[in-house]
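Chains as they are written, first to last, in my numbering: chain A, 1 to 97; chain Y, 1 to 351.
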């Protein structure tokens, strides 16, 4: 898995988040903490919206028990890494299934 | 005073967040807070071993259910209001009260199997139920799960409650809490504003005592002595994240900034926040960009949520009487983009 998510995934994550965080998410540093970058705009509800938006965009499911959602959804970079990991797992499981 | 610290007997302030001007501060005595905890404990909560709260203690709802009530019941409380992704830890056989916000139901929906193994009472207040709440309630039909909706306000405290059933044929009636009374202002069977009296009304900072009665922004139809049907809001006020947003005020601010621009705000159901609004405008003689509209609102009403979507349309459709034809406005998805499918209305209840 890429340390920061593939560039394509980073771009798609930005696109998925833009309806909730605005155009600024297209240019925010991928490693920057979203709560720090967006302040009150990245409140708990928005974060939840971003989770569902990423799920819909990539066809994945975030497990709120098994995944450390707070950790993975802290920055664009981490979200992209998380997504790539989930997609890789799916391919791996699919190829052995 | 710090949240959760009710040790001192000084009155506790709670602010209602208006759009313009300073917030109104309502003072509530510690005795009133304790009385509210006792009333809701008896009427809706029953016996629980612990409380898990997702409601911040800054607001009355979170304060009562997440701090005063656990103390009244003598049970531990887990504060998860700053950790909305953390599911409630439910030991099998335990009895837990879960204090919900609209977004909490999305979380519960994802861990619904866990909720079958324990006795859970979920309380919801301050906003209409999101679709995920109805999914959870339907999925747990027949289990020990129970969901209760509380109607109230910062000014009045908890006024009425109702138990939420899966797929009810009709919306359940609201039952007044025992120490509240509904003041009749209309004839039998007629709708009226929800005007309440009782010992838990707050007082404004400038007043020495609470008012004898308060009128809320809800329209009701009384049914019998202690119940009523909730019909909707009396004004164009909506609540987003606990903030009151008067859509008429929003429209006025945009019109002032962009004269001769026709504009309308439309209240919308929202998956996470339960309520939100979209803003439509028809281009006037000067070009206006959606970002400019957002900037105007952010400056006019700091901290107040801007529209979920700002959309320019060729014209605002109106009836011959000048009333906006909302049904003729283009539908927008929750992200503010046109939805892939027509909006379904998975949750059509008034509250």
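The beta-carbon is built from N, C-alpha and C at its ideal position, and this holds for glycine as well.
Fill in: Under 8 Å by beta carbon: chain Y residues contacting residue 83 of chain A
Residues of chain Y passing the Cβ test: none, with the nearest at roughly 16 Å.
Item to complete: Report yes or no: is there a C-beta of chain A within less than 8 Å of the C-beta of residue 145 of chain Y?
Response: no
Worksheet item: Which whole-angstrom value describes the C-beta separation of residue 55 of chain Y and residue 99 of chain Y, a residue pair presumed to lie in contact below a C-beta threshold of 8 Å?
Response: 5 Å
Item to complete: Name, in chain order, the residues that DSSP records as bridge partners for residue 177 of chain Y.
Response: DSSP, once it has assigned bridges, lists no residue as partnering residue 177 of chain Y.
Worksheet item: Are the beta-carbon atoms belonging to residue 208 of chain Y and residue 197 of chain Y less than 8 Å from one another?
Response: no
Item to complete: Identify the continuous alpha helix (DSSP H) that holds residue 62 of chain Y and give its terminal residues.
Response: Per DSSP, the unbroken alpha helix (DSSP H) holding residue 62 of chain Y starts and ends at 60-63.
Worksheet item: When we look at the beta-carbon of residue 334 of chain Y and count the other beta-carbons within 10 Å, is it buried (16 or more) or exposed?
Response: At residue 334 of chain Y, the pLDDT of 49 sits below 50, so the modelled position is not reliable; the number obtained from the coordinates is stated separately. With 16 or more other Cβ atoms within 10 Å, it is buried.
Worksheet item: Once you ignore the five residues that flank residue 109 of chain Y on each side, which residues in its own chain have a CB closer than 7 Å to its CB?
Response: The residues are 132, 135, 136.
Practice prompt. Determine which residues share a DSSP beta bridge with residue 108 of chain Y and list them.
Written response: For residue 108 of chain Y, which the question treats as bridged, DSSP gives no partner whatsoever.
Practice prompt. For residue 85 of chain Y, name the three-state secondary structure that DSSP assigns.
Written response: Three-state result, residue 85 of chain Y: coil.
Practice prompt. Reducing DSSP to helix, strand and coil, say where residue 79 of chain Y ends up.
Written response: In the structure shown, residue 79 of chain Y sits in a strand (DSSP, three-state: E or B).
Worksheet item: In whole angstroms, what separates the C-alpha of residue 348 of chain Y from that of residue 269 of chain Y?
Response: Low confidence applies here, because residue 348 of chain Y scores a pLDDT of 26, under 50, leaving its location unreliable; read the following figure in that light. Going by C-alpha positions, residue 348 of chain Y is about 9 Å away from residue 269 of chain Y.
Practice prompt. List the DSSP bridge partners of residue 42 of chain A.
Written response: Bridge partners of residue 42 of chain A: none, in fact.
Discussion item. Using a Cβ-Cβ cutoff of 7 Å, what residues of the segment 92-121 of chain Y are near chain A? List them in chain order.
Written reply: 103, 106, 107, 110, 111
Worksheet item: Between which two residues does the alpha helix (DSSP H) containing residue 18 of chain A stretch?
Response: Counting along the chain, residue 18 of chain A sits inside the alpha helix (DSSP H) bounded by residues 7-21.
Worksheet item: residue 125 of chain Y versus chain A: which residues are under 7 Å apart at the beta carbon?
Response: Simply none; closest approach about 16 Å.
Worksheet item: Taking C-alpha atoms, which residue in Y:9, Y:51, Y:70, Y:38 lies nearest to residue 177 of chain Y?
Response: Y:38
Discussion item. Can you list, in chain order, the residues of its chain with a C-beta nearer than 8 Å to that of residue 118 of chain Y? Leave out the 5 residues immediately preceding and following it.
Written reply: 90, 91, 92, 93, 94, 95, 96, 144
Worksheet item: Of all the CB atoms in chain Y, is at least one closer than 8 Å to the CB of residue 47 of chain A?
Response: Chain Y, which has a Cβ nearer than 8 Å to the Cβ of residue 47 of chain A, makes this yes.
Worksheet item: How long is the line joining the alpha carbons of residue 215 of chain Y and residue 273 of chain Y, rounded to whole angstroms?
Response: Those two C-alpha atoms are separated by around 25 Å.
Worksheet item: Leaving out the 5 sequence neighbours to the left and right, which residues in its chain are closer than 7 Å to residue 79 of chain A when beta-carbon positions are compared?
Response: 13, 54, 72, 73
Worksheet item: Any chance the segment 280-295 of chain Y sits against the segment 152-161 of chain Y, with 3 or more Cβ pairs inside 8 Å?
Response: Output reads no: the segment 152-161 of chain Y does not touch the segment 280-295 of chain Y.
Worksheet item: At a CB-CB cut-off below 8 Å, which residues of chain A make contact with residue 14 of chain Y?
Response: Those do not exist, as residue 14 of chain Y stays about 19 Å from chain A at its closest Cβ, beyond 8 Å.
Item to complete: Compare the C-beta of residue 84 of chain Y against all C-beta atoms of chain A and say whether one is closer than 8 Å.
Response: yes
Worksheet item: Looking at the unbroken beta strand (DSSP E) that takes in residue 67 of chain A, where does it start and where does it end?
Response: Per DSSP, residue 67 of chain A belongs to no beta strand (DSSP E) and is neither H nor E.
Worksheet item: Is residue 66 of chain Y buried or exposed, if buried means 16 or more other CB atoms sit within 10 Å of its CB?
Response: buried
Discussion item. According to DSSP, is residue 321 of chain Y part of a helix, a strand, or is it coil?
Written reply: coil
Practice prompt. With a cut-off of 8 Å on the beta carbons, I'd call residue 278 of chain Y and residue 309 of chain Y a contact; round off their distance for me.
Written response: 5 Å
Worksheet entry | Nearest-angstrom Cβ-Cβ length linking residue 162 of chain Y and residue 149 of chain Y, presumed shorter than 8 Å | 5 Å
Practice prompt. Take the Cβ of residue 76 of chain A as the centre, count every other Cβ of all protein chains shown within 10 Å, and call the residue buried at 16 or more, exposed below.
Written response: buried
Fill in: Local Cβ density within 10 Å of residue 235 of chain Y, reported as buried at 16 or more and exposed below that
Residue environment for residue 235 of chain Y: exposed (fewer than 16 other C-beta atoms within 10 angstroms of its C-beta).
Discussion item. If I follow the unbroken beta strand (DSSP E) through residue 287 of chain Y, where does it start and stop?
Written reply: Residue 287 of chain Y -> no beta strand (DSSP E), and no H or E assigned at all.
Worksheet item: According to a CB-to-CB cut-off of less than 7 Å, which residues of the segment 268-290 of chain Y neighbour chain A?
Response: Answer set for the segment 268-290 of chain Y: 272, 273.
Worksheet item: residue 239 of chain Y: buried (16+ other C-beta within 10 angstroms of its C-beta) or exposed?
Response: Counting Cβ neighbours within 10 Å, residue 239 of chain Y comes out buried, since at least 16 surround it.
Worksheet item: Can residue 353 of chain Y and residue 112 of chain Y be called in contact, C-beta distance under 8 Å?
Response: As shown, chain Y starts at 1 and ends at 351. That puts residue 353 of chain Y outside it, with no answer to give.
Discussion item. Please return the same chain residues whose Cβ sits closer than 8 Å to the Cβ of residue 93 of chain A, not counting the five positions on each side in sequence.
Written reply: none
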